[in-house]
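*Asks:* Going line by line, the protein sequences match chains A and B. If you count the first sequence from 1, position 323 lands on 322 in numbering that gives the first Met the number 0, and the numbers rise without skipping. If you count the second sequence from 1, position 163 lands on 162 in numbering that gives the first Met the number 0, and the numbers rise without skipping. Beta carbons are placed, not taken as given, at the ideal position from N, Cα and C, and that holds for glycine. After the structure tokens below, expect a handful of questions from me.
Number of protein chains: 2
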Amino acid sequence: MSQFWSPAVRDLEPYVPGEQPRDTVIKLNTNENPYPPAPGVAKVLADYPIDHLRRYPDPSSLALREALAAHYGVHVNQVFVGNGSDEVLAFAFKAFFCREQPLAVPSISYSFYPVYCDFYGITPHKVPLTDSFEVDLDAFPTDNGGIVFANPNAPTGHAHSRAAIEALLDKHTSRVVLVDEAYIDFGGESAIPLIERYPNLLVTGTFSKSRSLAGLRIGFAIGPADLIDGLDRVKDSFNSYPLDSVAVAAGVASIKDDAYYRACCASVIATRERTTAALEACGIEVLPSSANFVFARPTTIEAGMLFDALRARGILVRYFNKPGLDQFLRISIGTDDEMDYLIDAVHAIVGEK
Amino acid sequence: MSQFWSPAVRDLEPYVPGEQPRDTVIKLNTNENPYPPAPGVAKVLADYPIDHLRRYPDPSSLALREALAAHYGVHVNQVFVGNGSDEVLAFAFKAFFCREQPLAVPSISYSFYPVYCDFYGITPHKVPLTDSFEVDLDAFPTDNGGIVFANPNAPTGHAHSRAAIEALLDKHTSRVVLVDEAYIDFGGESAIPLIERYPNLLVTGTFSKSRSLAGLRIGFAIGPADLIDGLDRVKDSFNSYPLDSVAVAAGVASIKDDAYYRACCASVIATRERTTAALEACGIEVLPSSANFVFARPTTIEAGMLFDALRARGILVRYFNKPGLDQFLRISIGTDDEMDYLIDAVHAIVGEK
Numbered sequence: 000m001s002q003f004w005s006p007a008v009r010d011l012e013p014y015v016p017g018e019q020p021r022d023t024v025i026k027l028n029t030n031e032n033p034y035p036p037a038p039g040v041a042k043v044l045a046d047y048p049i050d051h052l053r054r055y056p057d058p059s060s061l062a063l064r065e066a067l068a069a070h071y072g073v074h075v076n077q078v079f080v081g082n083g084s085d086e087v088l089a090f091a092f093k094a095f096f097c098r099e100q101p102l103a104v105p106s107i108s109y110s111f112y113p114v115y116c117d118f119y120g121i122t123p124h125k126v127p128l129t130d131s132f133e134v135d136l137d138a139f140p141t142d143n144g145g146i147v148f149a150n151p152n153a154p155t156g157h158a159h160s161r162a163a164i165e166a167l168l169d170k171h172t173s174r175v176v177l178v179d180e181a182y183i184d185f186g187g188e189s190a191i192p193l194i195e196r197y198p199n200l201l202v203t204g205t206f207s208k209s210r211s212l213a214g215l216r217i218g219f220a221i222g223p224a225d226l227i228d229g230l231d232r233v234k235d236s237f238n239s240y241p242l243d244s245v246a247v248a249a250g251v252a253s254i255k256d257d258a259y260y261r262a263c264c265a266s267v268i269a270t271r272e273r274t275t276a277a278l279e280a281c282g283i284e285v286l287p288s289s290a291n292f293v294f295a296r297p298t299t300i301e302a303g304m305l306f307d308a309l310r311a312r313g314i315l316v317r318y319f320n321k322p323g324l325d326q327f328l329r330i331s332i333g334t335d336d337e338m339d340y341l342i343d344a345v346h347a348i349v350g351e352k
Numbered sequence: 000m001s002q003f004w005s006p007a008v009r010d011l012e013p014y015v016p017g018e019q020p021r022d023t024v025i026k027l028n029t030n031e032n033p034y035p036p037a038p039g040v041a042k043v044l045a046d047y048p049i050d051h052l053r054r055y056p057d058p059s060s061l062a063l064r065e066a067l068a069a070h071y072g073v074h075v076n077q078v079f080v081g082n083g084s085d086e087v088l089a090f091a092f093k094a095f096f097c098r099e100q101p102l103a104v105p106s107i108s109y110s111f112y113p114v115y116c117d118f119y120g121i122t123p124h125k126v127p128l129t130d131s132f133e134v135d136l137d138a139f140p141t142d143n144g145g146i147v148f149a150n151p152n153a154p155t156g157h158a159h160s161r162a163a164i165e166a167l168l169d170k171h172t173s174r175v176v177l178v179d180e181a182y183i184d185f186g187g188e189s190a191i192p193l194i195e196r197y198p199n200l201l202v203t204g205t206f207s208k209s210r211s212l213a214g215l216r217i218g219f220a221i222g223p224a225d226l227i228d229g230l231d232r233v234k235d236s237f238n239s240y241p242l243d244s245v246a247v248a249a250g251v252a253s254i255k256d257d258a259y260y261r262a263c264c265a266s267v268i269a270t271r272e273r274t275t276a277a278l279e280a281c282g283i284e285v286l287p288s289s290a291n292f293v294f295a296r297p298t299t300i301e302a303g304m305l306f307d308a309l310r311a312r313g314i315l316v317r318y319f320n321k322p323g324l325d326q327f328l329r330i331s332i333g334t335d336d337e338m339d340y341l342i343d344a345v346h347a348i349v350g351e352k
């Protein structure tokens with residue numbers, strides 16, 4: 000707190016990212032992919048023409064947008080890219096949700112959404128999840144300044160079908176509906192094909208999860224050209240070159256290696272299903288997940304105690320000490336070996352009780 | 000323009016970055032460094048442990064902040080880093096300048112400042128330059144919501160001494176004074192040593208100019224810990240991980256190679272002085288520059304015509320078609336060969352008239 004800060008900055012409650020420990024532990028706390036990026040990414044870095052770095056990047060990141068357009072079967076002017084999907088979301092909140100009406104958000108979802116609301120002075124209208132911890136698509140109010148939710152949702156893991164999202168879009172036509180698909184590649188149905196028919200649908204995605212590139216900060220949005228134009232206006236009023244040249248080239252290489260990406264996603268899904276069954280066998284309730292994590296509720300031990308006990312064994316998961324979430328642990332899906340180590344530890348801890 | 004955009008977004012006038020042409024030309028339009036980044040940067044990319052990219056970066060970019068702290072002789076908690084100095088400036092405007100009082104800015108300076116004002120709804124108070132095109136430090140009003148200017152100024156190139164900035168700080172103590180030192184390494188005196196005595200001084204810098212890393216997007220701010228805390232609050236309310244892991248490692252390598260960096264700056268300065276003399280010999284007025292560009296006013300031909308004629312010969316410089324600037328061309332300093340080519344072309348064009 001300082002006399003020099005802008006008045007509104009004193010009241011911000013910043014987002015708290017998951018810990019990045021420097022000592023070696025089994026790290027299952029920030030939904031990173033356990034597999035390395037596509038081999039083509041290594042080649043991009045190894046062969047990068049260093050002299051090129053003295054030049055500014057292409058401010059429109061055209062090469063990456065073209066690769067994404069081809070991958071998703073959309074036009075390049077329907078694609079926006081930014082410095083991680085966090086930045087894309089931050090731009091989208093400015094571009095579409097700075098209105099007098101409140102922004103409809105699930106009460107439990109990505110915890111950055113209320114932070115963006117704070118940042119821009121947007122009033123959030125929080126819509127409770129259903130009893131089965133699903134985003135309640137029927138409960139979004141008709142009079143809203145926009146709707147945002149993650150699908151699959153975080154940290155719960157549930158995904159709605161494309162048909163369910165289509166039904167939502169049929170009801171809400173006057174403001175932007177933003178579907179944050181950070182985790183879509185682990186079993187969800189993307190809403191991207193709907194952008195042709197719904198002029199108010201914006202879908203965001205990231206290279207941080209399914210493409211194993213959290214370290215390079217690449218996010219994107221896909222939507223009608225009109226909405227992409229709005230994002231461009233905001234970007235060019237904030238930071239014209241958010242993506243560096245190496246990230247753009249690495250992102251293109253990642254997209255080109257479709258087989259590798261699909262194989263990694265399939266491995267994560269298989270490990271998730273196996274982990275779910277094994278945790279349930281330890282008496283842990285696991286919500287159905289379409290993401291690269293599971294949201295798990297221990298029944299014979301407090302979640303906070305299990306978090307501490309796992310940590311003592313060198314396993315880091317995520318515990319949100321907040322009402323509605325504090326019965327659960329969010330556990331990222333690692334390699335099979337990492338998950339075996341986790342399951343053995345859970346067994347031992349629950350057995351020790 | 001779209002019904003879905005937030006009302007304020009319709010009125011934004013985004014920044015227009017200098018052109019990044021794809022065909023080969025002599026590119027003297029965006030103040031890029033003509034020399035490649037430090038050799039250590041090449042090694043960082045070639046040897047980068049790719050598997051590391053699946054992990055999120057350290058959100059605090061500690062390694063790079065430590066390197067900058069050592070380089071500038073400050074404490075690590077007096078250093079902030081971001082995705083280019085544009086992002087650092089965007090965060091600073093939010094952190095310090097969102098106030099009812101207008102923000103004092105020179106009428107001619109980095110053209111992104113009024114764009115940030117627009118973005119946040121800050122009223123700019125534009126202070127004219129002196130007759131000799133210098134930032135008029137005595138003319139900033141006492142009642143302001145902050146002061147921001149570039150030193151050396153862009154696009155004019157003039158730099159004030161540290162003593163002059165100290166005198167300014169003695170007069171303005173209640174709001175943040177932001178000195179944007181993007182071009183300081185080409186002959187200016189940095190204000191960084193003053194941060195110990197002035198709790199309201201924030202200095203920003205970039206790796207895009209003197210360190211030849213425009214393509215990697217690395218900017219920084221140095222100031223009292225209190226102000227750095229304010230920037231951190233804003234960052235963590237917008238985008239927690241603005242710098243990617245490769246950029247952090249490359250930035251550290253750049254800082255470590257101090258001799259290379261000094262040699263590149265010295266070469267640019269020598270070429271600038273030679274270029275200035277040669278342009279003056281062609282009848283072009285050149286403002287004294289402490290930056291890696293010169294601001295040059297042709298006397299026997301319209302600036303816009305000279306711009307077009309240079310372009311026709313494959314030489315791209317920057318022409319700002321705005322009142323007060325439209326008599327000038329801003330010419331970045333390239334290699335000696337590039338400047339010889341430019342000077343020959345100017346000779347030929349002015350001679351042809």
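Buried or exposed, going by whether 16 or more other CB atoms sit within 10 Å of the CB of Lys352 of chain A?
*Replies:* At Lys352 of chain A the pLDDT is 47, less than 50, meaning the model places this residue with poor confidence; the figure from the coordinates comes in the next sentence. Lys352 of chain A should be labelled exposed.
*Asks:* For a test of the three-state rule: what should DSSP assign to Val293 of chain B, helix, strand or coil?
*Replies:* In this structure, Val293 of chain B counts as strand in the three-state DSSP scheme.
*Asks:* Run through chain A and tell me which residues come within less than 8 angstroms of Ser211 of chain B, C-beta to C-beta.
*Replies:* Under the 8 angstroms cutoff, chain A gives Leu52, Arg53.
*Asks:* Closest to Arg296 of chain B by C-alpha separation, out of B:Gln326, B:Ile25, B:Arg273, would be which residue?
*Replies:* Considering only alpha carbons, the answer is B:Gln326.
*Asks:* Residues of chain B with CB closer than 9 angstroms to the CB of Lys93 of chain A, please, in chain order.
*Replies:* Per Cβ cutoff of 9 angstroms: Ser5, Ala7, Val8, Phe118.
*Asks:* In this structure, how does DSSP classify Gly145 of chain B when only helix, strand and coil are distinguished?
*Replies:* Correct three-state label for Gly145 of chain B: coil.
*Asks:* Taking 9 angstroms as the CB-CB limit, is Gly17 of chain A close to chain B?
*Replies:* Judged by the 9 angstroms Cβ criterion, Gly17 of chain A is in contact with chain B.
*Asks:* So, does the CB of Thr141 of chain B fall closer than 9 angstroms to a CB anywhere in chain A?
*Replies:* No, its Cβ sits nowhere closer than 9 angstroms to a Cβ of chain A.
*Asks:* Got a sec? Which residues, its chain only, sit under 8 angstroms from Leu256 of chain B by beta carbon, not counting five neighbours each side?
*Replies:* The question names Leu, yet the displayed sequence has Asp at residue 256 of chain B. Closer than 8 angstroms at the Cβ level, and outside the excluded window around Asp256 of chain B, lie Ala37, Pro38, Gly39.
*Asks:* Using 8 angstroms as the Cβ pair cut-off and three pairs as the minimum, do the stretch 91 to 101 of chain A and the stretch 3 to 13 of chain B touch?
*Replies:* Touching, yes.
*Asks:* Does the beta-carbon distance from Leu226 of chain B to Ala220 of chain B come in below 9 angstroms?
*Replies:* Contact flag set, yes.
*Asks:* Would you be able to state if there are at least three C-beta pairs under 8 angstroms between the stretch 309 to 325 of chain B and the stretch 240 to 258 of chain B?
*Replies:* At 8 angstroms Cβ cutoff, the stretches do not touch.
*Asks:* Excluding sequence positions up to five away, which residues of its chain have a Cβ less than 7 angstroms from the Cβ of Gly333 of chain A?
*Replies:* Here the set comprises Ile25, Leu27, Pro33.
*Asks:* For Leu147 of chain A and Pro287 of chain A, what's the separation of their Cα atoms in angstroms?
*Replies:* Here the sequence assigns Val to residue 147 of chain A, which means Leu is not the residue at that position. Spanning the two alpha carbons is a distance of roughly 22 angstroms.
*Asks:* Beta carbon of Tyr182 of chain A, beta carbon of Ala45 of chain A: below 9 angstroms?
*Replies:* Their beta carbons are not under 9 angstroms apart, which means Tyr182 of chain A does not touch Ala45 of chain A by this criterion.
*Asks:* With respect to the beta strand (DSSP E) encompassing Arg64 of chain A, which residues constitute its N-terminal and C-terminal limits?
*Replies:* Looking at the DSSP string, Arg64 of chain A is not in any beta strand (DSSP E); the run it does join, the alpha helix (DSSP H), is 61 to 71.
*Asks:* Using a Cβ-Cβ distance cut-off of 9 angstroms, determine whether Arg216 of chain A contacts chain B.
*Replies:* Interface residue, yes.
*Asks:* Flag Ile183 of chain A as yes if its beta-carbon sits less than 9 angstroms from any beta-carbon of chain B, otherwise no.
*Replies:* No, its Cβ sits nowhere closer than 9 angstroms to a Cβ of chain B.
*Asks:* Helix, strand or coil for Asp329 of chain B, going by three-state DSSP, please let me know.
*Replies:* It should be noted that the sequence gives Arg, not Asp, for residue 329 of chain B. Note: Arg329 of chain B maps to strand in three-state DSSP.
*Asks:* From B:Pro35, B:Pro20, B:Pro223, B:Leu128, pick the residue whose C-alpha is nearest to that of Arg196 of chain B; which is it?
*Replies:* When only C-alpha atoms are compared, the closest one is B:Pro223.
*Asks:* Please determine whether the Cβ atom of Glu99 of chain A lies at a distance below 8 angstroms from any heavy atom of the ligand GDP.
*Replies:* In terms of ligand content, the structure shown is empty, and the ligand GDP therefore cannot be addressed.
*Asks:* Give a yes or no on whether the minimum CB-CB distance between Pro388 of chain B and chain A is below 9 angstroms.
*Replies:* Any property of residue 388 of chain B remains undetermined from this structure, which presents chain B solely from 0 to 352.
*Asks:* Of the residues that make up the stretch 78 to 92 of chain B, which ones have a beta carbon closer than 8 angstroms to any beta carbon in chain A?
*Replies:* So the list reads Asn82, Gly83, Asp85, Glu86, Ala89, given in the order they occur along the chain.
*Asks:* From Ala69 of chain B to Ser106 of chain B, what distance separates their C-alpha atoms?
*Replies:* Each residue's Cα considered, the two are about 35 angstroms apart.
*Asks:* Taking Cβ positions only, does Glu65 of chain A come closer than 9 angstroms to chain B?
*Replies:* It does not: the Cβ of Glu65 of chain A has no partner Cβ on chain B nearer than 9 angstroms.
*Asks:* On the criterion of 16 or more Cβ atoms from any shown chain inside 10 Å, does Thr298 of chain B qualify as buried, or is it exposed?
*Replies:* Its Cβ having fewer than 16 others within 10 Å, Thr298 of chain B is exposed.
*Asks:* Buried or exposed for Pro241 of chain B, please, with buried defined as at least 16 other CB atoms from any protein chain shown within 10 angstroms of its CB.
*Replies:* So Pro241 of chain B ends up on the buried side.
*Asks:* With distances taken Cα to Cα, identify the nearest neighbour of Ser207 of chain A among B:Glu180, B:Asp243, B:Gln77, B:Val114.
*Replies:* Residue B:Asp243 is the option with its Cα nearest to Ser207 of chain A.
*Asks:* What is the DSSP secondary structure of Val104 of chain A, counted as helix, strand or coil?
*Replies:* Looking at Val104 of chain A - three-state DSSP - the assignment turns out to be strand.
*Asks:* Between Gly204 of chain B and Thr29 of chain B, what straight-line distance do the alpha-carbon atoms span, to the nearest angstrom?
*Replies:* Gly204 of chain B and Thr29 of chain B: Cα-Cα distance of roughly 16 angstroms.
*Asks:* Can you name the start and end residues of the alpha helix (DSSP H) that Lys255 of chain B belongs to?
*Replies:* Unbroken alpha helix (DSSP H) run through Lys255 of chain B: 244 to 255.
*Asks:* Considering only the beta carbon of each residue, do Val245 of chain A and Val245 of chain B sit closer than 9 angstroms?
*Replies:* Against a cut-off of 9 angstroms, the Cβ pair of Val245 of chain B and Val245 of chain A comes out as a contact.
*Asks:* In the structure shown, what three-state DSSP assignment does Leu177 of chain B receive?
*Replies:* Three-state result, Leu177 of chain B: strand.
*Asks:* Over what stretch of residues does the alpha helix (DSSP H) that includes Pro223 of chain A continue unbroken?
*Replies:* Note, Pro223 of chain A: premise wrong, no alpha helix (DSSP H); not H, not E.
*Asks:* What residue range does the beta strand (DSSP E) around Val80 of chain B cover?
*Replies:* Start and end: 78 to 81.
*Asks:* Take Ser160 of chain B as the anchor and find which of B:Lys170, B:His74, B:Gly187, B:Val43 has the nearest alpha-carbon.
*Replies:* Of the listed residues, the one whose Cα sits closest to Ser160 of chain B is B:Gly187.
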